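Okay, structure first, notes after.
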Amino acid sequence: MTPDGFQNRQEAGRRLADHLLALGPWPDTTVLALPRGGVPVAFPVAQTLKAPLDVFLVRKLGLPGHEEVAMGALAPGGIRVLNEDLVRRLRVTPQAIAAVEAREQAELSRREAAYREGREAAAVRGRTVLLIDDGVATGATLRAGLKALQALSPSRVVVAVPVAPREVCRVLEAEADHVVCLTTPSDFMAVGQFYADFRQTTDAEVRGLLTRASAHKE
1 MTPDGFQNRQ
11 EAGRRLADHL
21 LALGPWPDTT
31 VLALPRGGVP
41 VAFPVAQTLK
51 APLDVFLVRK
61 LGLPGHEEVA
71 MGALAPGGIR
81 VLNEDLVRRL
91 RVTPQAIAAV
101 EAREQAELSR
111 REAAYREGRE
121 AAAVRGRTVL
131 LIDDGVATGA
141 TLRAGLKALQ
151 ALSPSRVVVA
161 VPVAPREVCR
171 VLEAEADHVV
181 CLTTPSDFMA
191 VGQFYADFRQ
201 TTDAEVRGLL
211 TRASAHKE
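In UniProt numbering, the protein residues as written are 1 to 218.
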């Protein structure tokens, strides 16, 4: 872990919460987390700002054969964002894209059913939305989320992440109303590089945090 890093997602969330609180106040705000890793970061933010917490489901479209590389992403409402330059340069066929999209759409639907457990989606229309993840690499997933959120008519959307490359933050700044990033290291290679503990967040952990947030709200 570098000096720019975090012990785990919970610590990153607490530090992000403190930073956002100093920028406040945050009236009429909904906190939306990208699962799974964004949820433990977003939970302390929602608790600190006394805001409702929900998941915003976006799935990365991994490059065939190199799934860790995002060639795009899916979000609810039929939203698809593609890195057209990458797809064209690597000659990814429409059939290959369709196969990846079908698989990720099925996972999107599964997660929506699993995480919410019958709860309605948090209100977004006319509210400030804090869109949170545990970090940003290419920005494709967040860009898909931003595009999908526009259709839900929030008053403004603020992207808030613990770590991201500076050039990606600049891209996001053109699409969000504001971007908050705690650190933008010059040696960025992957999000996990900046966490001492970057173990995968489980579905059970996501459900547990959302249940706790819902109980706290009530």
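Each residue gets a CB set at the ideal place from its N, CA and C atoms; glycine is no exception. All values derive from a computational prediction rather than experimental measurement.
Start and end of the beta strand (DSSP E) containing PRO76?
-> Note, PRO76: premise wrong, no beta strand (DSSP E); not H, not E.
Quick one: grab the DSSP three-state call for PHE43.
-> helix
Start and end residues, alpha helix (DSSP H) containing THR141 = 140-150
Whole angstroms is fine: what's the gap from GLU218's alpha carbon to ASP54's?
-> Any reading at GLU218 is ruled out, since the residue's pLDDT is 49, under 50, leaving its predicted position unreliable.
By a C-beta neighbour count over all protein chains shown, 10 Å radius and 16 as the cutoff for buried, is MET71 buried or exposed?
-> buried
Would you list the residues sitting across from VAL124 in a DSSP beta bridge?
-> Note: VAL124 sits in no beta bridge, so no partner.
Please name the residue, chosen from GLY118, PRO165, ARG111, VAL58, that lies closest to residue 227 on a Cα-to-Cα basis.
-> Because the chain in this structure spans residues 1 to 218, residue 227 falls outside the shown range and cannot be described.
Assigned secondary structure, PHE198 (DSSP; H/G/I helix, E/B strand, else coil) | coil
Taking 8 Å as the threshold, find out whether the stretch 187-198 comes into contact with the stretch 171-178 through three or more Cβ pairs.
-> no
Can you tell me the Cα-Cα spacing of VAL41 and SER155, whole angstroms?
-> 23 Å
My guess is that LEU108 and LEU74 are in contact by the Cβ rule of under 8 Å, so how many angstroms apart are they, rounded?
-> 6 Å
Who are the Cβ neighbours of GLY139 in its own chain at under 8 Å, not counting the five residues just before and after it?
-> ALA164, VAL168, VAL171, LEU172
Three-state secondary structure assigned by DSSP to GLY65 = coil
CB-CB under 8 Å to ASP4, same chain, minus the five flanking residues each way: which ones, in chain order?
-> VAL163, THR183, PRO185, PHE194
How long is the line joining the alpha carbons of VAL58 and ALA151, rounded to whole angstroms?
-> 15 Å
Just mark THR202 as buried or exposed, buried being the case when its beta carbon has 16 or more other beta carbons within 10 Å.
-> exposed
Report all residues from its chain with a CB closer than 6 Å to the CB of VAL39; omit the five preceding and five following residues, and keep chain order.
-> ALA33, VAL206, LEU209
Candidates LEU142, ASP28, ALA137, ILE79: closest to ASP187 by CA position = ALA137
Distance CB(VAL100)-CB(GLY135) smaller than 8 Å = no
Limits of the unbroken beta strand (DSSP E) element including LEU57 | Looking at the DSSP string, LEU57 is not in any beta strand (DSSP E), and its letter there is neither H nor E.
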